[in-house]
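S.K.: My questions will all concern the structure given below.
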Amino acid sequence: MARHTAIFALAAFLALAAFDGADATTCISSSNPLDNNKEYFSVTDRVAVDGTAAGSAEVTVAGDFSITYHKHFKVLKNLLVTPAKTYVLRMCGSDVPTKYPNGTAIESDAKHFSVPVKGVGVGGSIPMAFLEQLDLLDKIKVADPQYVHSPCIRNAEKAGTILGQGSGHLHAAGWANKTKDNDAVELVVTDSWNTGACSCDKDVVFDPSTDDTPLGRAEWIKYISTFFNEEGRANVAFAREKAAYDATKKIAKDAADVHASLQKPKKKCAWVNEAYDSNWNSYWKLDIAPYKLAYCADAGMEAVTDKDSQGYAKNYVKSGNRLTNALADVDVVIDETYDSDPATNLDTKEKVLAKLGITLKEGAVLLRLDRELSDNSATSTKFYEINSGNSGINWAWSESGVLRPAHVLQGLVHAVWPNSVKEIDPACVDYFRDVTAGEKPVVKDHTHCTKWDKANADAQCVTNIIFRDSPAAKPSFIVAILVALVVALIGA
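The following block contains the structure:
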C-alpha cells in the first residue's frame, strides 16, 4: 500500500511539475464584453502561500508584497520600498479602473498594466532567471545580456529573438529608446537601485535579492508571475523548490546529528568577502547577510560572524593575520570575492589561499561561488559594440542563485556531508566549487541551451534533490516529501 501511495503521489507531483501555464486568456472586446459578475482571475489562478490552496482574494507574501484580487483587475503592492509601490493589473481589453469595488479611489500614484503583459524589457540578469523559470523567455523583447549566465538567454540574444542593448549609465539613452518608446515593451523590470529602468510608467520594482531568507528570495517568482497571469505556474515552481529545500535541510540535520553522536564538535561555516572604505581601500570581512548565514545553519553547521559594537561585520586589514585568526576553527570557508577570470586566476587551492592570505584548519573545506560561469565571447557582435570593456565572464551564482535555493543548499550539503546527497547533475546549475578537492570552474555558453532547457522543463534538478540514493531517502521519507508536495500544490 505504501508503495502504491508513493507512486500515486509521484504521479501527482510530476503532473503538477509539468503544469501547463499556457496563456488561454481571451481579452475583453466588443465580441467578448466585460461581465461584471464574472471572476476573471479564478481561485485556481491566484497566488498561494504557506502551503494553502490557491484562491485567497487577499494575499501577503512574507511581508514583502501583497496581491488583492478583484473581479477583472488585481492590485500588486511592493511593500519593501517606502512608500509602497502599487501596480494595478487589469484584464486585457478592459478600461483602466479608477475605483475599488467599495468605491474608494485607486491610488493616484499607481501604475496600470494590461495583463497578461506581452513584452518585457530587462536590464538586470536576476529577473531573467525568474522569467525563464516561468517559461516566459519569449516575452523578453529587450535585455542587457552583459552579466547574463543563462545559456538559453544567451542563445536567444545571439539568434536575435532578444534584442541586446546596454542599460548602464553609458547607454541610458539607448536603453530608454528601446524600452520607453518601444510599443512591443509593455513592462520594464527594474529594482530599488533603478537597474535597467526606463524612468517611465513601464518601470516595475522587483526586489528578490533584498529578502533575508533563501526561500523568501525564491518566492518572489509569485510577484513577477502576476503580470503574466501565471500565478499557477509560480505556485508549482515555488512549492517544488521549497519541498526540495526542506528535504535537503532534513538530510543535513540527520548528518549533523550523526556527527554529534560521535562526540565531534559542530561544524562551523564562514563566508568571506571584500569590503571597501570611502577611499576605496579594500579589506576582508566575514559576510553577515542573513540568507547566507541561513544556508550555513540549514546545511547543519554553525555560522561564524565577527561583528563590531554596532553589529556590523569587522574589516580585516589585508596585510595582517586577522582573517586567518578568524577562520582558525572554521570547517567550511566560502570565498565569495569577485574575480573577472577565476578559471585562470583562481583555478587552484594555492592561488585562492594566496589571494586571501590565509592558512586553513586541517581538514577544512574551501569553496568558491564560481563553479559555473558563462563566456560572453559567444554573444553577438552588436552586443559588444554597445558594451565595450566587459570582462566576458559571468557567474551563475549572481543570476539564478536567488531563484534556486534548493540547488544552492544541495551543493553546500554535498561539500560538507558528501555521503548524504549526490553531486548536482551536470545538466543542472551548480554554484559551489570545492577548491580543496581540485574542482575547476565550468564554462557554459549558448550551446548548452538544449540541456539547460530540458533540465528546467523536466524539473529534473529539483527531483534529483528529492529522489536520490541517500541515507534519508528511504521509502517512508520519500512518501512524506511527496505528500507535502501535493498538499502544498493543491491544498489540504
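Taken in order, the sequence shown gives residues -24 to -1, 1 to 468; the numbers are from mature numbering (1 follows the signal peptide of the UniProt record, and there is no 0). All residues carry an ideal CB built from backbone N, CA and C; glycine is no exception. Nothing here was measured: the structure is a model prediction, and the numbers come from that model.
1) What are the start and end residues of the alpha helix (DSSP H) that includes Lys198?
2) Could you tell me whether the Cβ atoms of Leu385 and Thr189 are closer together than 8 Å?
3) Let me know the alpha helix (DSSP H) ranges lying completely inside the stretch 375 to 426, each 4 residues or longer, listed in chain order.
4) Can you tell which of Ser258, Gln239, Val96, Ile138 has its C-alpha closest to the C-alpha of Lys156?
5) State the DSSP-derived secondary structure class of Ala148, mapped to helix, strand or coil.
6) Is it right to say Gly339 is buried, meaning 16 or more other beta carbons lie within 10 angstroms of its own, or is it exposed?
7) By Cβ distance below 6 Å, which residues in the same chain neighbour Arg298 in space, the five residues on each side in sequence not counted?
8) Taking the alpha-carbon positions, what's the Asn211 to Ala105 distance?
9) Spatial neighbours of Ala173 within its chain, please: CB distance less than 8 Å, with the 5 preceding and 5 following residues excluded, ordered by chain position.
10) Is Gln122 buried or exposed, if buried means 16 or more other CB atoms sit within 10 Å of its CB?
11) Output needed for Val124: all residues of its chain with C-beta closer than 8 Å, excluding positions within five of it in sequence on either side, in chain order.
12) Which one or two residues does DSSP pair with Phe41 in a beta bridge?
13) Between the Cα of Ser175 and those of Ala319, Gly150, Val19, spot the shortest distance and give me the residue it belongs to.
14) Report back the beta-carbon spacing between Thr62 and Val51 to the nearest angstrom; my notes put them in contact at under 8 Å.
15) Report yes or no: do the stretch 318 to 335 and the stretch 386 to 404 share at least 3 C-beta pairs separated by less than 8 Å?
16) By a C-beta neighbour count over all protein chains shown, 10 Å radius and 16 as the cutoff for buried, is Phe408 buried or exposed?
17) Of the choices Glu15, Thr74, Ser70, whose alpha-carbon is the least far from that of His46?
18) Take Thr300 as the anchor and find which of Ala279, Asp274, Arg347, Val248 has the nearest alpha-carbon.
19) Cα-Cα, which of Val118, Glu278, Tyr221, Tyr271 is closest to Ala236?
20) Please check the pair Gly333 and Lys294, which I expect to be a contact at CB under 8 Å, by giving their CB distance rounded to whole angstroms.
21) Using 8 Å for Cβ pairs, my map puts Val378 next to Ser185. What's the rounded Cβ distance?
22) Please classify Asn205 as buried or exposed, where buried requires at least 16 neighbouring CB atoms within 10 angstroms.
23) Excluding the 5 residues flanking Asp445 on each side, which residues of the same chain have their C-beta closer than 8 Å to its C-beta?
24) Taking DSSP as the reference, what is the three-state secondary structure of Asp445?
25) With which residues is Ile4 paired in a DSSP beta bridge?
26) Note down the Cα distance separating Lys218 from Glu348, rounded to an integer number of angstroms.
27) Excluding sequence positions up to five away, which residues of its chain have a Cβ less than 6 Å from the Cβ of Cys425?
28) Could you check what DSSP says for Leu349 in three-state terms: helix, strand or coil?
29) Output the distance between the C-alpha atoms of Lys244 and Asp233, rounded to the nearest integer angstrom.
30) If you run the structure through DSSP and keep just helix, strand and coil, what is Ser258?
31) Identify, in the order they occur along the chain, each residue of the same chain with its Cβ nearer than 8 Å to the Cβ of Val181, setting aside the five sequence neighbours on each side.
32) So within the stretch 266 to 322, which uninterrupted alpha helix (DSSP H) runs reach at least 4 residues, ignoring any that extend past its ends?
33) Could you tell me whether the Cβ atoms of Glu195 and Asp21 are closer together than 8 Å?
34) Among Thr2, Val411, Pro77, Asp401, which has the Cα closest to the Cα of Val308?
35) So, are the CB atoms of Ile310 and Lys283 less than 8 Å apart?
36) Do Phe89 and Glu162 have their C-beta atoms closer together than 8 Å?
M.R.: Looking at the atomic coordinates:
1) 197 to 201
2) no
3) 381 to 392
4) Val96
5) helix
6) exposed
7) Tyr292
8) 16 Å
9) Gly99, Val164, Thr166, Asp179
10) buried
11) Ser101, Met104, Arg130, Glu133, Ser350, Asn370, Glu375
12) Val37, Asn54
13) Gly150
14) 7 Å
15) no
16) buried
17) Glu15
18) Val248
19) Glu278
20) 6 Å
21) 5 Å
22) buried
23) A caution first: Asp445 carries a pLDDT of 45, below 50, which makes its placement in the model unreliable, though a value can still be read off. So the list reads Lys398, once near-sequence residues are dropped.
24) Unreliable placement is indicated for Asp445, whose pLDDT of 45 sits below 50; no coordinate value is reported for it.
25) In DSSP, Ile4 forms no bridge with anything.
26) 23 Å
27) Pro127, Cys128, Asn131
28) strand
29) 14 Å
30) strand
31) Asn54, Val57, Lys61, Thr166, Asp167, Ser168
32) 266 to 274, 298 to 302, 318 to 321
33) no
34) Val411
35) no
36) yes
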